[in-house]
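J.: For reference, the structure I am asking about is given below.
Chains as they are written, first to last, in the working numbering: chain D, 13 to 500; chain L, 13 to 500; chain F, 13 to 500; chain X, 13 to 500.
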């Protein structure tokens, strides 16, 4: 059953979240103006599954059940599946101009699927079977799953079990016959308060002694012991104000929460890894590869909106054809498309896991993400260049609507005569939202830290490279090893 | 008489500003929590003049009166004066971590001083004398002057007099025996609502037909017909909330306003240019050179705070000595100091105008500012890299103070054990303020657009270069012209 | 019939080229030490076709004849064909560390194939048929074809027919019943003196009046009236010296020639475009897309050799594990793989022409090449960083072999004790060859100018972008157009 | 006595160098066509001292003797002296378009001067007195001194005394009553074969056990036991060919040699440090600061020639006013001037040593040089962009002069009609010389490695920064430490 966007929202109302926002417990959170845009963004993933022109990208027949499921809950069963993932993400980025929050779950599902298969092969466990059953349930109910990986980590130079406070990484504090008790916290969990369940995964390579921390399991977002604390966002309270201009992106937004797991019970059938320190890194890296690929889809899509907005500002200012403006817009496109090219390439060059689903090419997925830690910043810089200083000095919408001074603003903030001041206003606040405001973290911080910070990719790029082969090539050309005889 | 910071604030209370903020007229604006930090920032320029260790930088004996005056109201009478300007600005940037708003006035004063001298020489006018008188008054009362240059500009491809609406550039609408009537608006006027008077200057090269737009004069900020509309700032209303953490930079901030001049009367003794289209560009370029120099002082100072905050986050996370962290911190310092070097160089290489005051080297001042349109963005990107994703996902201070969930936050957002969570919190919100929030425009947008957008500098760099000489060098080396005989 | 590398060389000996090198006519050019490495490089394209492990990449069944032909003479009949092209080019770059010169022909063949089809459809001409016949002949004889596009161009601001000298672009000077007479010159024609025939193509958009310049045809490299003047290369005469170290890349090299066409007769059956000004730009752009794609294959391959050589120097100096070295090597890999990703992406996203063969995605092919105009320069800079200053100060091989001073060099230029000085020597000269010497143009200048200079790509990127769509997205998000109702 | 350029050349003829070049001992080396351009470049430093318009920059009254001496042999006795050094270097870079090789000596003289003073103060030695005497001799005879710092270094991860071969760093092998015996080699010693004496300095921080390696002394270049092996340069043998075009920079060039010290005797009066391991790093760092400053002078000067040549090529191609060309030329100027600004800033901000001479600001000198490791590469890339592909494919001058084919070249390589083909030829080969050929190392490799590789500057930048102060600023603004009360 594929939910509509409306169904999805109704389904959220049934959750009994223990959710805090700005120091207060929020009960009717689906309609909370600060939270609602982030729900809208996820809802878009449900909507596209019903759009005839996007259905092929947004849905897939489940390889578990044969039934049509939402792409975000599907297993990638071909490189083509990886490619359509990227194309879907690009459209969603274009339609929301922000993080639509559902990729972590999709990527986590695929990583846990293949990793549990290999754990079971080695350790004769039954995680993979459990996971398939859970996934069928998720697919059939079209649930939204939040991937939960990043621990709060405390002292970054110390392993989980050696931290001064043993709870700095999520871990098992008790093993019972019916399940386990879990404690800890997951930081900046994307889409936490919009999802039905969380898929818990470890955040780094575990070593001997870290057995309690090598944990993967599923937990409903409203399970007992779960507390969600909504992260502050730049300009968040503008959503509480009258009017719709100052917010910039009125409809859509991202969402992150600090999620506290205070002795949460998880039944065994929802436990997918528990103590296998040797597989923690496999799960982390498989997830990371998927998620680094993902940014090759969503960020070019978000970038398209920023490019379009910037070109519009140039139009409204009457300078669109100035050579330096064209040069800068061209550069913005070039950078956004370079990211997209990397997203496509790592997808097309994917490989099949032992469990049967597909992974993107690891090296190229890391290259993709590493570019994402750079180019959106330059694209934003160029947008700020073209938008002009007014970007950060526009009076408020209330001033614009004011009976006395509104007319001054309308008169004096006009650009070319044929465009209403309000259009220019709106375009400025959209760019502001993307560069400073509500959705700036979706395009900037997430590009930097989502799926691992830049250094994490550098390490993988080094590791995935066959340097010995490159050195062999050099030695042969240099004549240190025997040179190739082209006539032989 | 050098005012203290306190005197300055009291002096502001006497102004009868017609000021709007977030759609409401503000009467007691000095104590308005949104506005106050920007007043504090300017107040710092008064404070330093009384600090024994900074007095030498922050004050100067007036070449008009021989009395000690605040540096921001002084004429630069040597290259050393230009250098101390830069060093003073660096300290102020370090102490406020934001725009302290008084440089536009200082730079405008110096530019109008020398330009009026040359206008008078050519046109036998008396602007320079008037200006000296006004400046003496400013110096003696230690007033704060807002430089007012940027017009709202309408269609950027059209000259002032050809705009569909003739008011898109400030202009004279009536010449009377006792003075002139002025109409128009100045956009994002830095420090407008913290200053006693505005020094109006034209914003671009005027041509025949633009006579009414070639205008420079002084107008009290509370003159009749003046309306100030405060620009919205990212996260501005956080200042209205309880607590002092979420704001990031609680004490200091920038300020810009849209200033409407609705038929304002200016007596002739405050008019410094009126119709001399041939001198408009000189005034613009002299001001631009000063102001492009200025950024070689303030931005390295602000950068120092961001670098210090970023290093602190690395400390708090326990990763300060990691090679990639050191590399990135080193890069941040390198970029900030490159800007500072350019600021110093253009100052030391200054030149004396006909009027006797000093200008920075035009080419190098433009080079300085052009680097400013790039490096703070990269410095900020690196700060966001090292700060981590928590930068945009920390719960609010209210959550942190909350009786139920506060303890979770305190426990889980701790970094290394020896640093209190609150310190980490505060450092994160400071970086947030500088990269997304209240003072981000001070470090990013102003770096881009203040004193002219990047393209403006590129044009000046091209013009100030003696390309023919460079080509001659090349022709000689290449043997197209006669080669130099080194033995001759 | 697929020639072996040896067959290919023998076939060259039969050509009667009118070839000049360093001011002298060269008769036995196949064995000329300056020219031979470039022949070896092309020979590698013949060799790979016979290697079992590379045959699948290096050959293809002709869609014209069904027979197996060399990939460089094949039509791309699927996106997979475009992808294998990239992968083949990467291997060839790795094996030769230079330009292997045969891609221009391959790309030209495919561009002329589809363009002639469309000319014929519109103008009812018979070019496509002629071209197929010629291509069959080329395939069956496994000829090497030099693509000849770049005209000498004279004054770049003036159209072909308006040049002071009408011969600055290759053109028809006489139309006869049996064929045409052609005059002009093609500049820096890659592989000209290693190829059997040249495929002449126009170099830019023609306009009315340029009919004589809208020309495509095939001309044997040894046809009467053809003169080839070999371009000087950095350090070219090192190949004439004793020893094999100083050259750096002893076996392989690129080749460019200035080709003069002094009233060359071309029979009609080898004329593929003659006067159709409206199709000139189609041919240019189709070729450009192919060739911009190509650089996504060869340059990452060449880059691999440089990366391997650089890592080896770090080994030889004992600093391979130093963090800053690892960071820089990681960056080199990242940049090389970004190019490769772009090469793959534009290939996978190819499209079918009316004639049936496949073009790469135009936008992404341009993005690919545009990155190529940047990244190899940075990769080279990093190689020079790690290699150390000795890169440009090593004594000559003759010094190294000298009975008196050789022992000094052997002693003092040693790095880590376990690596012979000679190995370090050879690695240094290889890097020198790639950064300054014989093959530096293959990695640097060609990356810049081959397939069009950077500005050419910027123009295409702007043109291939659907900016109106991006602006529509922005207007919807901003609420200027109606916002999307996610629940609808 | 200030020698003229001619005197200088004659003085060189008197030296009995044991010099090898391309495997042969060179006796009449002053007239050797490969070596001569590097002599011309140094000769220019003598010439300028006699030019009325440059005398003020190029000479100075000695603070030792009161007599006028060449700037290159002078002590910097004010910040103004440091500034004129930069300005002189810029002119020399402009006049030679290459390394003029005499700065290492000048910088070494100043570093040894102040370091010996401080050694003597601590160790009660008499180095400083000896050094003053030697310097008087150098000044009075107007000798050219080669600074000799870089050891060959062997395994870079191992200290001098721990190397497998103890000679990998220059060291004392015997102490005698009349002097010391020295062994080892100095790598890529700039201007070695053009100088009268070498000033030996250690290359890195010495530690206990490295006493024999903590060595500074003066050695005539033709002392017994000294062997000079000339480094190969890109395209070096072009200087042996007929004609003057292909060389690119016919008159001037750099020079580096591997200098072998095979048990060379040095009398005590020429020994300036011998065993003081605690002062080795002071000497290294003082020299490094001077030499990193130096690049802020010469490289902008060389850059000017490249910029001029590039603009000329744009003229010759008829595209000088194209917006993208102007943008790129503007960028080249911007980068070159940024370096110059850094060179000036660290000079103006210099400080006085205990010995009385002046050092540039250490932090800013390192910032200067670090930019030099980047910007010349980008400037060169842009030059290659604008110059066009012909840069690496021009036929040889011999082809151009050839009776048969010369006319083709003259016809077809013409750009705009009004510029002779030969001028375009010459400009291309000049750019080639600077980007690939003879003087490319002067602008590229030296910029990278001269005065220390980029990582060396990064380390110094980190060390010279007062990070604790920056962190204190951040803590105060963030409210972790007490916030500043602006009204206090």
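For every residue, glycine included, the Cβ atom is placed at its ideal position computed from N, Cα and C.
Using a C-beta cutoff of 8 Å, does residue 245/L count as contacting chain D?
T.: Against the second chain, residue 245/L aligns to sequence position 233. For residue 245/L, the answer is yes, since a Cβ of chain D falls inside 8 Å of its Cβ.
J.: Mind pulling the chain X residues with CB within less than 8 Å of residue 339/D?
T.: In the first chain, the residue the question calls residue 339/D occupies position 327. Near residue 339/D (Cβ distances below 8 Å), the residues of chain X are 335, 336, 339.
J.: With 8 Å set as the bound, which would you pick, yes or no: does the beta-carbon of residue 65/X sit closer than that to a beta-carbon of chain L?
T.: Counted from its first residue, the fourth chain places residue 65/X at position 53. So no, residue 65/X is outside the interface.
J.: Which residue or residues does DSSP assign as beta-bridge partners of residue 363/D?
T.: Taking the first residue of the first chain as position 1, residue 363/D is located at position 351. Bridge partners of residue 363/D: 371/D.
J.: Apart from the five residues just before and just after residue 316/L, which ones in its own chain have a Cβ nearer than 6 Å to its Cβ?
T.: One-based indexing of the second chain puts residue 316/L at position 304. Once the five neighbours on either side are set aside, the close Cβ partners of residue 316/L are 106.
J.: Over what stretch of residues does the alpha helix (DSSP H) that includes residue 289/F continue unbroken?
T.: The residue labelled residue 289/F in the question sits at position 277 within the third chain. First-last of the alpha helix (DSSP H) with residue 289/F: 289-329.
J.: Closer than 7 Å by C-beta to residue 263/X: which residues in its own chain qualify, once you throw out the five before and the five after it? Chain order, please.
T.: Sequence index remark: in the fourth chain, residue 263/X carries index 251 (1-based). Within the same chain, residue 263/X has close Cβ partners 49, 52.
J.: Checking contacts by CB at 8 Å: is residue 474/X closer than that to chain L?
T.: Counting from one through the fourth chain, the residue named residue 474/X turns up at place 462. Interface residue, yes.
J.: Given 8 Å as the limit, is there contact between the segment 114-127 of chain D and the segment 363-373 of chain D, that is, 3 or more CB pairs closer than that?
T.: These segments touch.
J.: Check this for me: beta carbons of residue 160/F and residue 98/F, under 8 Å apart or not?
T.: What you label residue 160/F is simply residue 148 of the third chain in a count that begins at 1. What you label residue 98/F is simply residue 86 of the third chain in a count that begins at 1. Contact flag unset, no.
J.: Is there a Cβ of chain D sitting closer than 8 Å to that of residue 396/L, yes or no?
T.: In the second chain, residue 396/L corresponds to position 384, counting from 1. So, interface residue.
J.: Looking only at its chain, what residues have a beta carbon closer than 6 Å to the beta carbon of residue 70/F, apart from the 5 residues adjacent to it on each side?
T.: For the purposes of this step, residue 70/F is taken as residue 58 along the third chain, with counting starting at 1. Here the set comprises 60, 61, 83, 100.
J.: Would you list the one or two residues that DSSP bridges to residue 274/F?
T.: Counted from its first residue, the third chain places residue 274/F at position 262. Residue 274/F is bridged to 195/F.
J.: According to DSSP, simplified to helix, strand and coil, what is residue 128/F?
T.: Along the third chain, one-based indexing puts residue 128/F at 116. Three-state DSSP puts residue 128/F in a helix.
J.: Is the CB of residue 56/X under 8 Å away from at least one CB in chain L?
T.: Reading the fourth chain from its first residue, position 44 is the one you call residue 56/X. Chain L contact via Cβ: present.
J.: Within 8 Å of any Cβ in chain D, is that where the Cβ of residue 329/L sits?
T.: Translated into the one-based positions of the second chain, residue 329/L becomes position 317. Yes, because at least one Cβ of chain D sits closer than 8 Å to the Cβ of residue 329/L.
J.: Does any residue of chain L have a CB that is nearer than 8 Å to the CB of residue 370/X?
T.: The count along the fourth chain starts at 1 and reaches residue 370/X at position 358. Not closer than 8 Å to any Cβ of chain L, the Cβ of residue 370/X fails to qualify, so no.
J.: Let's see if you can read the secondary structure: which residues bound the alpha helix (DSSP H) around residue 183/D?
T.: Here residue 183/D corresponds to residue number 171 of the first chain, with the count starting at 1. Per DSSP, residue 183/D belongs to no alpha helix (DSSP H); it is in the beta strand (DSSP E), 183-187.
J.: Note down, in chain order, every chain L residue with its Cβ under 8 Å from the Cβ of residue 262/D.
T.: Counting from one through the first chain, the residue named residue 262/D turns up at place 250. Simply none; closest approach about 15 Å.
J.: Quick one: which chain D residues come within Cβ less than 7 Å of residue 76/L?
T.: Sequence index remark: in the second chain, residue 76/L carries index 64 (1-based). In chain order: nothing, as chain D lies at least about 33 Å away.
J.: What distance in whole Å lies between the Cβ atoms of residue 242/L and residue 32/L, which are believed to be in contact at a cut-off of 8 Å?
T.: Indexing the second chain from 1 puts residue 32/L at position 20. Indexing the second chain from 1 puts residue 242/L at position 230. Yes, residue 32/L and residue 242/L are in contact; Cβ-Cβ is about 7 Å, under 8 Å.
J.: Count the C-beta pairs between the segment 424-439 of chain L and the segment 164-184 of chain D that are closer than 8 Å, then say yes if the count reaches three, no if not.
T.: Counting Cβ pairs under 8 Å, three or more are found: they touch.
J.: Who are the Cβ neighbours of residue 471/X in its own chain at under 6 Å, not counting the five residues just before and after it?
T.: Residue numbering aside, residue 471/X sits at position 459 when the fourth chain is read from its first letter. Cβ neighbours of residue 471/X beyond the five flanking positions: none.
J.: Along chain D, in chain order, which residues have C-beta atoms closer than 7 Å to that of residue 18/F?
T.: Position 6 of the third chain, counted from the start, is the residue given in the question as residue 18/F. The answer, in chain order, is 499.
J.: So with CB distances below 8 Å, who are the chain F contacts of residue 135/X?
T.: Working through the fourth chain from its first residue, we reach residue 135/X at position 123. The contacting residues do not exist; residue 135/X stays about 31 Å from chain F at best.
J.: For residue 111/X versus residue 342/X, is the C-beta spacing smaller than 8 Å?
T.: On the fourth chain, position 99 is the one that residue 111/X refers to. On the fourth chain, position 330 is the one that residue 342/X refers to. Taking 8 Å as the Cβ cut-off, residue 111/X and residue 342/X do not qualify as a contacting pair.
J.: Where does residue 228/D fall in DSSP's three states?
T.: Against the first chain, residue 228/D aligns to sequence position 216. Three-state DSSP puts residue 228/D in a strand.
J.: In chain F, which residues lie with their C-beta within 7 Å of the C-beta of residue 428/X?
T.: Here the question's residue 428/X lines up with position 416 in the fourth chain. The answer, in chain order, is 167.
J.: Which first and last residues belong to the beta strand (DSSP E) in which residue 284/D is found?
T.: As a first step, residue 284/D is located in the first chain; it is residue number 272 there, counting from the start. That run of the beta strand (DSSP E) goes 283-286.
J.: Does chain L have any CB closer than 8 Å to the CB of residue 346/X?
T.: Here residue 346/X refers to the residue found at position 334 of the fourth chain. At least one chain L Cβ lies under 8 Å of residue 346/X.
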